[in-house]
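K.L.:
Protein chains in written order, with the numbering used here: chain L, 1 to 396; chain Z, 397 to 666.
All residues carry an ideal CB built from backbone N, CA and C; glycine is no exception.
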């Protein structure tokens, strides 16, 4: 419960301006907290008079010291480790070193033992290997059961997952089964002075950032946005231990079965894992013009994205859409072509490292957040840009 | 077919502005809407009801004004609403939210539960799968097509993947999370909006769903927000304005070729 100590409140309105939920108001020079309060604690921490108090319940202590080690769920698809898993091993290595504990990877699949060396080279001290005929493709029911079992058995302190479609399917199921905290789509991780995992994540489409702890449950679990953590170069001389874990699956636990797989995009256009994205908006005019941006994307080995109108007009399928009702991406370089930059689009890409915008309207909102902007006709600029970049990159 | 749809009332993110002086969100006067992904879930439920018959119940947890969100869903064609509201629910993280919804839903009959894949404010995509686990049913996430065989009580869905989609089959009941592309939600007409006001909305609180108060809200949550801050605002970039597009393109190319990511790419292609 949240309380305002009326005698201490000076009516300064700091709480009103800091509250991300619009739940603080000042009536008759005293603060009041309304029903939309989410108990996030922003006002409690910023109140200069210390007049706002959230009463937090005391918890029964579990034996947290029993839980040791940092684990990374090493997501693989068709025998290839996802980039984000390698990024997490680099980040996990830092966290494990800060804690003075081990870093382990959990590898689940069919005939994937050959990937263990890669995981060790990228920083893992141990690889928990779970292999079974039934695990060729990701299956939510089977993977949930197996991962929950291995976590319960070995009791890690931290488990990290890539915030991919499957990672965000698996992690909440495991968290719910273990009854532990889970933080979604983190962009920053650290260890606090008292050894807790400090998780930073954007909310409201990146308009605010929240820092989150799971104090009372173990393991502390988070999904982490691809392409945010830096991936260190592998060290092939590193040594590690591979621990084979029994994978007995009763086929009856698989209630939802994958009966067919349909591939719609060619390899290398995965938006979430792309370093560079070239995206087009309504300014592209008609579907026949999409090759103009596709050519630029190809030159840059980039994934092709788009804004909502392009999908609404059926010029590109939904899987290309970046923004509020599409994907949230944070590549190293995002090139927005003919995208005006409505807030619905910006929330899906504004955490990109470098933003480039090409737009004919000098007042387009996208130009206000761009590192580099060009005002002009995209049909003249983009082909020239493609030519110049091709020359610069490949010398032809 | 008995279908339950879980919805969340969210602030319209497009209306949220940043106060340039204090660098904080201005939430005053920001309208609340039904989370767009949840509208897709409601639409699908109503279409399934129209095809196979049955009943659609929408359920939400939130402050008393979340009733508005239920009214919208009733106007879209849902039959009944349930509002889970209690001060003790405030401060719920995804686990506590899923637990609270499950406490209410496990007393109900259902063949199918639909949720939006994620909410546009919190953007966790966790409540659906966590709710399914609480109920002991299977969740199928990121669904963009649904077909149901009511005789055999089986469901076939298309689940989005990074490369395309998977066709997944399961027995009912399951929980699905809906993404864009599943359907285009209808916009209710005035007549439906008026009719919705006559439909039943049941209000439930902690006492009516049962359980210990410490399992709910802030005390039932496993995660704790310790700090909220506004990220550095972007801006102050280099804007190229040139008459000649070739000159503009060349300038931009030169800037980009100096960027580390492009330098890295150059190493790779060579």
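For residue 132(L) and residue 630(Z), I'd like the C-alpha separation in whole angstroms.
P.N.:
Taking the straight line from one Cα to the other gives about 48 Å.
K.L.:
Residue 345(L) to residue 160(L), Cα distance in whole Å?
P.N.:
Each residue's Cα considered, the two are about 28 Å apart.
K.L.:
Do we get a CB-CB distance below 8 Å when we pair residue 258(L) with the residues of chain Z?
P.N.:
By this cut-off, residue 258(L) is an interface position.
K.L.:
Residues of chain L with CB closer than 8 Å to the CB of residue 570(Z), please, in chain order.
P.N.:
By Cβ distance, chain L contributes 255, 256.
K.L.:
Where does residue 111(L) fall in DSSP's three states?
P.N.:
In the structure shown, residue 111(L) sits in coil (DSSP, three-state: anything other than H, G, I, E or B).
K.L.:
Buried or exposed, going by whether 16 or more other CB atoms sit within 10 Å of the CB of residue 586(Z)?
P.N.:
Flag for residue 586(Z) reads exposed.
K.L.:
Between which two residues does the alpha helix (DSSP H) harbouring residue 43(L) extend?
P.N.:
42-46 is the span of the alpha helix (DSSP H), which, as asked, contains residue 43(L).
K.L.:
Using 8 Å as the cut-off, can you tell me whether the region 485-502 of chain Z makes contact with the region 606-622 of chain Z, which would need three or more C-beta pairs spanning the two stretches below that distance?
P.N.:
Because the criterion of three Cβ pairs below 8 Å is met, the region 485-502 of chain Z and the region 606-622 of chain Z touch.
K.L.:
Kindly say whether residue 140(L), judged by its beta-carbon, lies nearer than 8 Å to any beta-carbon of chain Z.
P.N.:
Chain Z, which has a Cβ nearer than 8 Å to the Cβ of residue 140(L), makes this yes.
K.L.:
Here's the rule: buried if 16 or more other CB atoms are within 10 angstroms of the residue's CB, otherwise exposed. What is residue 634(Z)?
P.N.:
Looking at its Cβ environment, which holds fewer than 16 other Cβ atoms inside 10 Å, residue 634(Z) is exposed.
K.L.:
Would you mind listing the beta strand (DSSP E) stretches within the region 623-658 of chain Z that are 3+ residues and don't spill past its ends, in chain order?
P.N.:
As far as the region 623-658 of chain Z is concerned, its whole beta strand (DSSP E) runs of at least 3 residues are 634-637.
K.L.:
Evaluate the contact criterion for the region 67-84 of chain L versus the region 30-50 of chain L: three or more CB pairs, one atom per stretch, below 8 Å.
P.N.:
Result no; under three Cβ-Cβ pairs closer than 8 Å.
K.L.:
For residue 619(Z) versus residue 157(L), is the C-beta distance shorter than 8 Å?
P.N.:
Contact: no.
K.L.:
Taking 8 Å as the CB-CB limit, is residue 157(L) close to chain Z?
P.N.:
It does not; no Cβ of chain Z falls within 8 Å.
K.L.:
State buried or exposed for residue 351(L), treating a residue as buried only when at least 16 other CB atoms are found within 10 Å of its CB.
P.N.:
Looking at its Cβ environment, which holds 16 or more other Cβ atoms inside 10 Å, residue 351(L) is buried.
K.L.:
Identify the contact partners of residue 537(Z) in chain B, using a Cβ-Cβ distance below 8 Å as the criterion.
P.N.:
Included in the structure are the protein chains L and Z, with no chain B among them.
K.L.:
Short of 7 Å Cβ to Cβ, which residues in the region 437-469 of chain Z face chain L?
P.N.:
Listed in sequence order: 459, 460.
K.L.:
Does DSSP put residue 250(L) in a helix, in a strand, or in coil?
P.N.:
Residue 250(L) falls in the coil class under three-state DSSP.
K.L.:
In terms of alpha-carbon separation, which member of 400(Z), 430(Z), 398(Z), 644(Z) lies closest to residue 407(Z)?
P.N.:
Among 400(Z), 430(Z), 398(Z), 644(Z), the Cα nearest to that of residue 407(Z) belongs to 430(Z).
K.L.:
Of all Cβ atoms in chain L, is any one closer than 8 Å to the Cβ of residue 430(Z)?
P.N.:
Chain L, which has no Cβ nearer than 8 Å to the Cβ of residue 430(Z), makes this no.
K.L.:
With H, G and I counted as helix, E and B as strand and the rest as coil, what does DSSP make of residue 621(Z)?
P.N.:
Looking at residue 621(Z) - three-state DSSP - the assignment turns out to be strand.
K.L.:
Is DSSP giving residue 73(L) helix, strand or coil here?
P.N.:
Strand.
K.L.:
Note the first and the last residue of the continuous beta strand (DSSP E) segment covering residue 412(L).
P.N.:
As displayed, chain L neither begins before 1 nor continues past 396, which places residue 412(L) out of reach and without an answer.
K.L.:
Check this for me: beta carbons of residue 254(L) and residue 139(L), under 8 Å apart or not?
P.N.:
In this structure, residue 139(L) lies closer than 8 Å to residue 254(L) by Cβ.
K.L.:
Three or more beta-carbon pairs under 8 Å between the region 635-650 of chain Z and the region 226-244 of chain L, yes or no?
P.N.:
Too few Cβ pairs lie closer than 8 Å, so no.
K.L.:
List the residues of chain L whose Cβ lies closer than 7 Å to the Cβ of residue 627(Z), in chain order.
P.N.:
In chain order: 206, 209.
K.L.:
Out of 167(L), 95(L), 28(L), 222(L), point me to the one whose CA is closest to residue 108(L)'s CA.
P.N.:
Out of 167(L), 95(L), 28(L), 222(L), 167(L) has the C-alpha closest to the C-alpha of residue 108(L).
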